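Residue numbers (UniProt numbering): 1 to 333.
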């Protein structure tokens, strides 16, 4: 017969992370958001694996329910950057790709390849396939000959040779990847999915961000402004950094601590018909000039223009440059 557990006669010490769960979850009247400093401290404990699994799940879902603030995102990002110790590698564009596509092909990949072939240095990073029914960057790297890198040295080599590199989040921030992987356990995406978009680990000249849910674009822009980053945020197609040519695009920018906005008109008078299925080989055929695709061409050129806008070109010049890049592309892939 097993003996009963001894009675608890002394109050156990509170776990250091309990404070942050309490701040977020102390009832309707008592709960509040984290300050920037609190967010930095909480994320530091998470990155150092000093948090219990129950605390992690509670923390992420309380944040998800409340909706993260610009101050929280800024604090989380500061904690990651302080821990990262990434090497000094010059990059023009930080290009996070975490959403996956389900309505249209990932035309943004052709935009990135075309920009890179004309000397624009791009770091792409993503968190893998986490939602069924979507097509992810990682699944197309071999097809489109985008170098997958598993350490910083490989990133440097790929940028030197191809001006384009893809670095999985799991290899440079495994703790954040673990949190993203909880999506199918908790049943909801956590704030880490949006946080990963603004990390800009190499301090690129411009950080591109796509935030699909309305209202979050301004929050991300403000977080980047607080950090002093140069960033450009849009509501990209499917949550990826890709301009939808069928709708008006609003650009949320921040440069040198100042916020700015710009609205781009739709490029098509009528909406294009969604393809019945997504065939990756169509991207190759389109790049090679073997097939035409009105939606794809507009999406690729507009996405390149967006990136060039982030690098300082005015809208009209960015579109003209993008058009020239596309026409002059090396069609072999």
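Using N, Cα and C, we set each Cβ at its ideal position, and we do this for glycine too.
Predicted, not measured: the structure shown is a model, and the values here were computed from it.
- Looking at the DSSP output, residue 250 bridges to 263.
- Listed in chain order, the non-local C-beta contacts of residue 49 below 6 Å within the same chain number zero, local neighbours out to five positions each way being set aside.
- Contact check between the segment 299–308 and the segment 229–245: three or more CB pairs, one atom from each, fall below 8 Å, which counts as touching.
- With the rule of 3 Cβ pairs closer than 8 Å, the segment 89–100 counts as touching the segment 115–123.
- If you draw a 10 Å sphere on the C-beta of residue 274, you find fewer than 16 other C-beta atoms in it, and that means exposed.
- In this structure, DSSP gives residue 224 a helical state, which the three-state scheme calls helix.
- Annotated as distal: residue 280 and residue 60, with beta-carbon spacing of 8 Å or more.
- Taking the Cα of residue 241 as reference, the smallest distance to any Cα among 41, 42, 109 is reached at 109.
- By the criterion of at least three beta-carbon pairs nearer than 8 Å, the segment 18–29 is not in contact with the segment 135–152.
- Residue 98 and residue 197 do touch by the CB rule: their CB atoms are close to 6 Å apart, below 8 Å.
- Around the beta-carbon of residue 248, fewer than 16 other beta-carbon atoms lie within 10 Å, marking it exposed.
- Going by DSSP, residue 319 is part of the alpha helix (DSSP H) stretching over 315–327.
- Residue pairing by DSSP places residue 166 opposite 124, 148 in a beta bridge.
- In its chain, beyond the 5 residues on either side, 123, 125, 149, 155 have a beta carbon closer than 7 Å to the beta carbon of residue 167.
- Note that the C-beta distance between residue 331 and residue 287 is below 8 Å.
- In the DSSP annotation of this structure, the continuous segment of the beta strand (DSSP E) that includes residue 234 starts and ends at 231–234.
- Residue environment for residue 229: buried (at least 16 other C-beta atoms within 10 angstroms of its C-beta).
- For residue 87, the closest alpha carbon among the candidates 208, 204, 268, 221 is that of 204.
- A straight line joining the alpha-carbon of residue 215 with that of residue 65 spans about 15 Å.
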